[in-house]
Amino acid sequence: MSNVYDYRMYAHGGYPGMPMQSPYGGNFVAMPPAVPSGAVVTPQGGTVQMLPATEESYVENILRLNRGKMATFYMTYENNKEWNAKIFRGIVEAAGRDHIIISDPSTGMRYLLLTLNLDYVTFDGPIAYEYSFQGQTITNQTPAAQR
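Just so it is clear: in the sequence shown, position 47 is 47 by the working numbering, and no numbers are missing.
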């Protein structure tokens with residue numbers, strides 16, 4: 001089954017939802033069947049519900065699991081002539097979808113970093129890590145055979 005729209009599907013050659021003439025008089029609207037999100041239409045017209053294979057492993061979630069740990073953040077600031085790349089070192093305080101908050105224990109300075117500029121992060125010790133995949137929680141302690 002092709003995912004490409006086939007204009008021959010509709011007698012009027014138009015788009016779904018466009019009115020077309022009926023040979024019995026009047027107009028009617030050709031609409032594709034209503035299908036729940038994540039489901040597919042079978043050739044027989046039925047639907048099969050598909051569970052999305054979602055992986056919830058985002059940088060901010062990994063950083064949240066590692067709050068209180070010392071880390072080094074490598075950042076790039078494009079089109080900046082003074083400093084294109086900058087390295088920040090500090091303790092992970094918090095992380096959100098678009099930001100990271102760290103503190104430098106030697107100076108007491110706190111930094112609000114944008115994840116947009118983040119290249120990568122290194123930690124001095126083990127990284128706490130977990131994510132959900134197909135209803136199972138995977139951690140850095142999960143044996144490779146279960147992944």
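Glycine included, each C-beta is placed from N, C-alpha and C at the ideal position. Quantities reported herein were computed from a predicted structural model and do not represent experimental measurements.
The residue from Met-75, Phe-88 and Ile-138 with its alpha-carbon nearest to that of Arg-110 is Phe-88. The Cβ atoms of Tyr-129 and Tyr-74 lie no closer than 7 Å to each other. Annotation: the segment 53-88 contains the following complete segments of the beta strand (DSSP E) (minimum length 3 residues), in chain order: 70-76. Between Met-70 and Asp-124, the alpha-carbon positions lie close to 7 Å from each other.
A check of alpha carbon separations from Leu-118 across Asp-98, Ser-106, Gln-136 and Lys-81 identifies Asp-98 as the nearest. The C-beta distance from Asn-84 to Thr-76 rounds to 7 Å, short enough to meet the 8 Å contact threshold. Per the DSSP secondary-structure output, Gly-90 pairs in a beta bridge with Ala-71. Around the CB of Asn-66, 16 or more other CB atoms lie within 10 Å, so the residue is classed as buried.
Counting other Cβ atoms within 10 Å of its Cβ, Gly-96 stays below 16 and is therefore classed as exposed.
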